[in-house]
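Q: Sharing a structure here in structure tokens format.
Residue numbers (this note's numbering): 268 to 459.
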């Protein structure tokens, strides 16, 4: 199956990939923040409290994800409020053309975890700045994309210019500390 954003009909690869589900006029994007997957508004809207619409992955199963991969366990309770009556968010997103995600494994029970894979390449996802905590938006022609300082971690151009060795070291120590703490509270021993 062809990845989204690789055909000639899509927007220039210098911007994030946007999609508009049926019966909706807003442009949306998919982004990742600390290995958590979100549907976000592709642009800033004055009437929106946040750019984040909903989290797609299941927080309680986050540690089971392949780190920094494009696969994750879809949250069966995730919703945007835009889904047609009787349709779940997963089916709503699967109906987007061209496809933005695909089901990798699914049980017969609708409430059981479903593993999905994002078909949007990493360079076309909306990125979240690790320093100023803002989401990337659709860029005008000539605007620079955000730069990766570690896989699945990005800095906006402004923060990248300000990034010094001290801040990189501080982030590295904080990340290592938080990773060590999170491993103490995992309850994955009961899972297969």
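Heads up, the beta-carbon is just placed ideally off N, CA and C, and yes, glycines get one too. Owing to the predicted nature of the structure, the values given are computational and were not obtained by experimental measurement.
What is the residue span of the alpha helix (DSSP H) that residue 426 lies within?
A: 424-429
Q: I'd like to know whether the C-beta atoms of residue 323 and residue 305 end up nearer to each other than 8 Å.
A: yes
Q: Please name the residue or residues paired with residue 460 in a DSSP beta bridge.
A: This structure cannot speak to residue 460, because the chain is shown only from 268 to 459.
Q: Can you tell me which of the three DSSP states residue 323 falls into?
A: coil
Q: Is it buried or exposed, residue 290, if we count other Cβ atoms within 10 angstroms and call 16 or more buried?
A: Its Cβ having fewer than 16 others within 10 Å, residue 290 is exposed.
Q: Report the partner residues of residue 372 according to the DSSP bridge assignment.
A: 382
Q: How many angstroms separate the CA atom of residue 325 from the CA atom of residue 319?
A: Going from the Cα of residue 325 to the Cα of residue 319 covers about 16 Å.
Q: Do you know whose CA, among 296, 451, 442, lies nearest residue 367's CA?
A: 296
Q: Would a C-beta distance cut-off of 8 Å place residue 321 and residue 303 closer than the cut-off?
A: no
Q: In three-state DSSP terms, what is residue 338?
A: Three-state result, residue 338: strand.
Q: Quick check on the burial criterion: 16 or more other C-beta atoms within 10 angstroms. Buried or exposed for residue 282?
A: Residue 282 counts as buried, since at least 16 other C-beta atoms from the protein chains shown sit within 10 angstroms of its C-beta.
Q: Does the beta-carbon distance from residue 363 to residue 338 come in below 8 Å?
A: no
Q: Of all the options 429, 369, 401, which has the alpha carbon lying nearest to the alpha carbon of residue 307?
A: That would be 401, whose Cα lies nearest to the Cα of residue 307.
Q: Strictly by DSSP, which residues pair up with residue 298?
A: 305, 393
Q: Inspect the beta-carbon positions of residue 395 and residue 359 and report whether they are closer than 8 Å.
A: no
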